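Novice: In the working numbering, each residue carries its 1-based index in the sequence shown increased by 117.
The beta-carbon is built from N, C-alpha and C at its ideal position, and this holds for glycine as well.
This structure is a prediction, so every number in the text was calculated from the model and none was measured.
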Amino acid sequence: MLGTILLINVKGIWLPVTKENIPVKGSKLNDSNILSDAFLFVKNGKIESFGKMSDLTDDLPLGTLENTAQMDCGGRYVLPSFVDAHSHLVFASWRENEMEMRLNGKTYLEIAESGGGILNSARRLEETTEEHLFESAWERLESLIKMGTGALEIKSGYGLSLGAELKMLRVIRRLKEESPIPIKSTFLGAHAIPSIYKDRTDYIDLIINQMIPAVSKENLADYCDVFCDKGFFTPEETELILKQGIKYGLVPKVHANELARSGGVQVGVKLGAKSVDHLECMEEEEISLLANSNVIPVLLPGTAFFLGIHPPDARRMIQNNLPVALSSDYNPGTCPSGNMEFVVSMACHMLKMKPFEAINAATINSAMAMDCGEIAGKILVGRNANLLVTKPIPSLGFLPYHFGESSIERVMLNGHWV
Ligand SMILES: [Zn+2]
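(1) How is the beta strand (DSSP E) around Phe-158 delimited, first residue to last?
(2) Spatial neighbours of Ala-486 within its chain, please: C-beta separation below 6 Å, excluding the five flanking residues on both sides.
(3) Can at least three beta-carbon pairs, one atom from the stretch 490 to 504 and one from the stretch 444 to 457, be found at a separation below 8 Å?
(4) Going along the chain, which residues of its own chain have a beta-carbon closer than 6 Å to the beta-carbon of Gly-380, five neighbours each way excluded?
(5) Just to confirm, does His-466 get its C-beta within under 7 Å of one of the non-hydrogen atoms of ligand 1?
(6) Report the rounded CA-to-CA distance for Asp-346 versus Asp-488, giving the unit in angstroms.
(7) Leaving out the 5 sequence neighbours to the left and right, which residues in its chain are closer than 8 Å to Glu-295 when beta-carbon positions are compared?
(8) Report yes if the C-beta of His-203 is less than 7 Å from at least one heavy atom of ligand 1; otherwise report no.
(9) Measuring from the CB of His-372, is there a heavy atom of ligand 1 at a distance below 7 Å?
(10) Where do the N-terminal and C-terminal ends of the alpha helix (DSSP H) with Tyr-320 fall, by residue?
(11) Can you find the residues in the same chain that come closer than 8 Å, C-beta to C-beta, to Asn-138, ignoring five residues on each side of it along the sequence?
(12) Would the beta-carbon of Asp-446 be found less than 7 Å away from any heavy atom of ligand 1?
(13) Touching or not, the stretch 268 to 282 and the stretch 326 to 338, by the rule of three or more beta carbon pairs under 8 Å?
(14) Under DSSP, the alpha helix (DSSP H) around Trp-255 begins and ends at which residues?
(15) Measuring alpha carbon to alpha carbon, tell me which of Leu-323, Tyr-365, Arg-317, Asp-154 ends up nearest Phe-350.
(16) Considering only their Cβ atoms, is the gap separating Gly-389 from Ala-75 smaller than 8 Å?
(17) Mapping the DSSP letters down to three states, classify Asp-488 as helix, strand or coil.
(18) Residues in its own chain within less than 7 Å of Asp-176 by CB, not counting five upstream and five downstream?
(19) Exposed or buried, Ile-358, counting other C-beta atoms within 10 Å across all chains shown (16 or more means buried)?
(20) Taking the C-alpha atoms as reference points, what is the distance between Phe-422 and Pro-449?
(21) Nearest to Val-371 by CA position, among Lys-364, Tyr-365, Gln-383, is which residue?
(22) For Gly-536 versus His-533, is the C-beta distance shorter than 8 Å?
(23) Quick check: Phe-156 and Val-134, are their CB atoms within less than 8 Å of each other?
(24) Find out if the Cβ-Cβ distance for the pair Glu-252, Lys-301 is shorter than 8 Å.
(25) I think Ile-525 touches Gly-276, with their Cβ atoms under 8 Å apart; what is that distance to the nearest whole Å?
(26) Does the distance from the C-beta atom of Met-188 to that of Leu-124 stay below 8 Å?
(27) What is the DSSP secondary structure of Arg-527, reduced to helix, strand or coil?
(28) Assign Leu-497 to one of two classes, buried (16 or more other C-beta atoms within 10 Å of its C-beta) or exposed (fewer than that).
(29) State buried or exposed for Gln-361, treating a residue as buried only when at least 16 other CB atoms are found within 10 Å of its CB.
(30) Have a look at Glu-244, His-249, Asn-214, Thr-245 and flag the residue whose alpha-carbon is nearest the alpha-carbon of Gly-234.
(31) According to DSSP, which residues form a beta bridge with Pro-511?
(32) Throw me the rounded Cβ distance for the Asn-116 and Val-141 pair, which I believe falls under 8 Å.
(33) In the DSSP assignment, find the beta strand (DSSP E) that holds Met-188 and state where it starts and stops.
(34) Start and end of the beta strand (DSSP E) containing Asp-342?
(35) Compute the Euclidean distance between the alpha carbons of Glu-474 and Gly-191, then round it to the nearest angstrom.
Shown next as structure tokens:
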């Protein structure tokens, strides 16, 4: 039968701490709802039922399961697939040479100012065909799915011209159409100012007057994002761009406070952004603004790890009741990995998050940061069976603890083993 399988003797199923479509905040982020010694029945690609092994024959008469594949999950946990609400999956080539420049003492900003960084990616993307961009992104997407990502947001922002931004967004649209996992698309024309512009306002005018209307006309994006940071876009420019996005039906997101206290959080809160992402440089003002808003703070530990910058202060945000979410920032310049299991691990080792906090932040809360809480991030009856089965491990804390080697043994997507 299509996508029908019975998991038995599961050591623990990670059930959601809330069935409501809301993020988990503050001290509740460390809550868990683990059903131990359990079964989980997948039928026609969906989660049909789950319960205690002792109730298996009552809930599911064994006679009806004669033709059902079974997996004995002794010692193993079952989790929902990870949700990655921040990625730059579509790009033309890697930038490992810039890592060496950094190791030789150059900062990210210095590399960007000397024509590297985002502008380097934009140059290479300009020369790459839509077909080739799709093929390389598809390969990376398949690899992410194998590592446990079950929903993904992807940004443009390496085009930086009308034609190249539309090219990127069309690639993302095709990924959306052909991918077995849900994908959301974000227009990030305001990722950097191309060096051909002597006057930055000319490029901002292009974004506002040509790019956003064109993106909207082809219905190519769900969100509009701006890199609001030192050396990139000011809060005033960010506000202008995001307001135009809102006018054209694009929900705002902000890359904020990665390199400095940029004012990006203030703009994001003012305009009711879906999320503000990065947040390495935060003070009381930004934290209390977020605490009094519905904006999701998305932390990206891979970037701090890779660039060796000060990581975001997740503990302080959690103490202030923020619905902290985790994502990858997968991109060729500042985080060349989209491995969400490693993100969970880094969140514990670098951001001092507790294992359960990190799992909730990488599932329930990251799903909220890309408006797919109704379909991803939770194990609930009736949902698509997008699941992770761990190796036999002593406890769930072992997953972030044992970094560098995956604790995930199998990935199930829509009821099929990947
Ligand atoms: Zn990013």
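Specialist: Taking the geometry as given:
(1) Counting along the chain, the beta strand (DSSP E) containing Phe-158 begins and ends at 150 to 160.
(2) Counting only Cβ-Cβ distances below 6 Å, and skipping sequence neighbours, we find Ala-202, Ser-392, Ile-413, Val-415, Ala-442.
(3) In short, these stretches do not touch, since the Cβ pair count stays below three.
(4) Here Gly-380 has Pro-352 as same chain residues with Cβ atoms under 6 Å from its own Cβ, once five neighbours each way along the sequence are excluded.
(5) It does not: the Cβ of His-466 is nowhere closer than 7 Å to a heavy atom of ligand 1.
(6) Per the coordinates, the alpha-carbon of Asp-346 lies some 25 Å from the alpha-carbon of Asp-488.
(7) Counting only Cβ-Cβ distances below 8 Å, and skipping sequence neighbours, we find Trp-255.
(8) Shortest gap from the CB of His-203 to any heavy atom of ligand 1: under 7 Å.
(9) Yes; taking the cut-off as 7 Å, the Cβ of His-372 has a heavy atom of ligand 1 nearer than that.
(10) If you look at Tyr-320, you'll find it in the alpha helix (DSSP H) that goes 317 to 323.
(11) Closer than 8 Å at the Cβ level, and outside the excluded window around Asn-138, lie Met-485, Gly-490, Glu-491.
(12) Placement of the Cβ of Asp-446 at a distance of less than 7 Å from at least one heavy atom of ligand 1 is found.
(13) Output reads yes: the stretch 326 to 338 touches the stretch 268 to 282.
(14) Trp-255 -> alpha helix (DSSP H) spans 247 to 263.
(15) Residue Arg-317 is the option with its Cα nearest to Phe-350.
(16) No statement about residue 75 is possible, as the shown extent of the chain runs from 118 to 535 and does not include it.
(17) Here Asp-488 sits in coil by DSSP.
(18) Excluding residues up to 5 positions away in sequence, Ser-166, Gly-168 lie with their Cβ nearer than 7 Å to the Cβ of Asp-176 in the same chain.
(19) It is buried - the Cβ of Ile-358 has at least 16 other Cβ atoms within 10 Å.
(20) Answer to the nearest angstrom: the Cα atoms are 14 Å apart.
(21) Checking every option, the nearest Cα to that of Val-371 belongs to Gln-383.
(22) Shown here, the chain extends from 118 to 535; a query on residue 536 therefore has no answer.
(23) In this structure, Val-134 does not lie closer than 8 Å to Phe-156 by Cβ.
(24) No, these two residues do not count as a Cβ contact at 8 Å.
(25) That belief does not hold up - the Cβ atoms of Ile-525 and Gly-276 are roughly 34 Å apart, past 8 Å.
(26) Contact check for Met-188 against Leu-124 passes: the beta carbons are separated by less than 8 Å.
(27) Three-state DSSP puts Arg-527 in a strand.
(28) By the beta-carbon neighbour count (other beta carbons within 10 angstroms, threshold 16), Leu-497 is exposed.
(29) Classified as buried, Gln-361 has 16 or more neighbouring CB atoms from the shown chains inside 10 Å of its CB.
(30) Looking at the Cα atoms, Asn-214 is the closest of the given residues.
(31) DSSP output for Pro-511 lists no bridge partner at all.
(32) Residue coverage of the chain in this structure runs from 118 to 535, which leaves residue 116 outside it and unanswerable.
(33) Where Met-188 is concerned, the enclosing beta strand (DSSP E) stretches over 186 to 189.
(34) It spans 340 to 345 - the beta strand (DSSP E) in which Asp-342 sits, taken as one unbroken run.
(35) A straight-line Cα-Cα distance of about 25 Å links Glu-474 and Gly-191.
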